[in-house]
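In what follows, a structure is listed as structure tokens, so that the remarks can point back to it.
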Amino acid sequence: MQASANSVDNIKIDVNHEKVSLKEYLAYFSYGFGQCFSFGLVGTFILFFYTDILGISAVAASIIFLIARIWDAVIDPIVAGFMDTRRTKHGKFRGYMKFTPILIVVSTIFCFMSPDISVTGKVIYAGATYILWGTVYAFSDIPFWSLSTVISNKGQDRTKLLTVANLGVYGGIGMVGFLVPILLGIFDKTNTPPISYLITVGIIMIAAYILMFLGYKYTKERVLPSHNEKVTFKDVIESAKANKYMFKILLVFFLNIFMNIVQGIILYFFTYNLNAPQLMSVFGIIGTLSAVGFLFIPILTKYFKKRNILRTLLALDILLRIAFFLIGYDSTVLVITFLAITQLLYSATGPIISAMLSETVEYSEVKTGKRTEAIVFGGQTFAGKLSVALAGALTGFILSLIGYQANVEQTEFTLNGLFIAVSILPALGSFLRLLLLSKYDYTEDEFNECIRILQDRKSKEVRFRDMGSGKLSHFLQAEQDKNI
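Taking this note's numbering, the leading residue of the sequence shown gets 626, the next gets one more, and so forth.
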């Protein structure tokens, strides 16, 4: 009877009774903020480091990136499946968040080391350390996002958690972009460039470790699976196959590809259409400040369904981008205004999509009886990396299609092509997202019903456990055969 009592206590704790504190929200933000120091360093500065510090060619660097993206696309679902089949003594995800920060620190520093070896050796070293970094990052990033689903089973709590997580991502990347030039300027006075980079990265990553450790230390897992049977890789696959809403949201997330293409083309637009390449820095500031819009998401979700908010943001994006195209780019002020507003709308879709994705975890648990959070957010990581990889390839194709020639005056056809890519192409992405969401019928109502079903199962499981393992197994099998 003692075991049953403990089970009842667990049900009370993980379902309703413990509020997510402000300290925990700050801790969750802290982990994402610190983790994205690493992402910002590698994402923003690694190409320059490879070509100008390490001394390898841009072509070699591009090949490294391509191989790494292919590897990421394979390894991320495997990592997610591995996590869904195990629990650590610190919880399903917090155990990884305890030890991966030090691996993130070490692998990031390795990426910015310049060994005194041949050029071929440097290419091999760069490829090995970059792929190592991407693999280690998956063991940190997937549990970080998945943790939102086990901190609370309340939709509003998850929306807040994923909002602060996205704030941490934007803030971490922006902070690195701000700090690196300053620190390099200080250390370049007394050191060679390779040493300056190594010291700069080392200092930033020490700070990252502290922030990530605080994120691990002050978060808590509350949501337990509906029963304690071991989850196998086959269960993970079956759970993913049953989660039709996860695939729909992942496809919505993948359509970031249109904005990723814009990120690659916008510099050409500033340089040749506006004759003002310095505006790229302004666009970067706009991207960082657009995260302020995240703060309104938890307020809106109190009164409106996330699906409807997302639809509204996408519709507004389409209208504004069409207006941008019709007005043209003669006025730099209007161009920056349109870019700022549309970037704000686009950024606001991030936390909403993540929150909608997190709520599909309970849907698949109801359908299959297995709780597999990691495969859901592993899917998000995979879709994001695939989107970036394909966007990079398509950007080059589009530039070729519109007749772009480097370092010469562009034709009218090319200039129009650049403008269409910046203004209308993202509107096409928003339109496709709207089509996907037009028949999306899994909202907060259905999510709350899934929560009710799972809570009812947990209560029944305790009673059946007291009656014997045979009846419990029969009950669990019967529950898995039910549909919502």
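Backbone N, C-alpha and C define an ideal beta-carbon position, used for all residues, glycine too. Model, not experiment: these values are computed from the prediction.
Around the C-beta of residue 660, 16 or more other C-beta atoms lie within 10 Å, and the residue is accordingly described as buried. Residue state for residue 994 is assigned as coil, using DSSP reduced to three classes. Taking a cut-off of 8 angstroms on C-beta distances, the segment 643-662 touches the segment 837-847, as three or more cross pairs fall below it. Comparing C-alpha distances from residue 873 to each of 647, 671, 663, 1065 shows the shortest one belongs to 1065. The Cβ neighbour count for residue 803, taken over all protein chains shown within 10 Å, is under 16; the residue is labelled exposed. In this structure residue 1020 is in contact with residue 890, their Cβ atoms being roughly 6 angstroms apart against a cut-off of 8 angstroms. Residue pairing from DSSP places residue 716 in a beta bridge opposite 713. Taking every protein chain shown into account, the CB of residue 814 has fewer than 16 other CB atoms within 10 angstroms, so this residue is exposed.
Secondary structure note for residue 841: its alpha helix (DSSP H) is the uninterrupted segment 818-842.
Apart from sequence neighbours up to five positions away, the residues of its chain that approach residue 926 with a beta-carbon distance below 6 angstroms are 784, ordered along the chain. Boundaries of the alpha helix (DSSP H) around residue 941: 931-952.
Counting only residues of its own chain and dropping the five nearest sequence neighbours on each side, residue 782 has a CB closer than 6 angstroms to the CB of 645. When C-alpha distances from residue 743 are compared across 721, 679, 787, 719, the shortest belongs to 679. If the five residues before and after residue 769 are omitted, its C-beta is found closer than 7 angstroms to the C-beta atoms of 656, 657, 660, 722, all from its own chain and listed in chain order.
By alpha-carbon distance to residue 826, the top candidate from 719, 1057, 664 is 664. Excluding residues up to 5 positions away in sequence, 657, 661 lie with their Cβ nearer than 7 angstroms to the Cβ of residue 794 in the same chain. Minimum Cα-Cα distance from residue 833 among the listed residues 863, 806, 800, 856 corresponds to 800. Under the criterion of beta carbons closer than 8 angstroms, residue 995 and residue 864 qualify as touching, at roughly 5 angstroms. Comparing alpha-carbon positions, the option among 881, 806, 676 lying closest to residue 1054 turns out to be 881. Note that the C-beta distance between residue 681 and residue 747 is below 7 angstroms. Using a Cβ distance threshold of 7 angstroms, residue 972 and residue 1048 do not count as a contacting pair. In this structure, 884 is the residue among 920, 986, 884 with its C-alpha nearest to the C-alpha of residue 1057.
Taking 8 angstroms as the upper bound for CB-CB distance, residue 918 and residue 702 are not in contact here, some 31 angstroms apart.
Residue 976 is classed as buried because its beta carbon has at least 16 other beta carbons within 10 Å across all chains shown. By alpha-carbon distance to residue 924, the top candidate from 786, 811, 897, 1008 is 786. With respect to the 7 angstroms criterion, residue 789 and residue 650 are classified as neighbours on the basis of their beta carbons. Comparing C-alpha distances from residue 714 to each of 1028, 913, 845, 938 shows the shortest one belongs to 845.
Distance from the CA atom of residue 984 to the CA atom of residue 929, rounded to whole angstroms, is 16 angstroms. Counting the other CB atoms within 10 Å of its CB gives residue 740 a total below 16, which places it among the exposed residues.
Excluding five sequence positions before and after residue 674, the CB atoms of its chain that fall closer than 7 angstroms to its own CB belong to 737, 822, given in chain order. As the crow flies, the alpha-carbon of residue 668 is around 14 angstroms from that of residue 754. The beta carbon of residue 728 sits closer than 8 angstroms to the beta carbons of 761, 764, 765 from its chain, once the five residues preceding and following it are set aside; these are given in chain order. Look at residue 847 here: in three-state DSSP terms it is coil, with no helix or strand label. Setting aside the 5 residues that flank it on each side, residue 643 is surrounded in the same chain by 847, each with a C-beta closer than 7 angstroms to its C-beta; the list follows chain order. For residue 1028, the secondary structure class from DSSP, reduced to helix, strand or coil, is coil.
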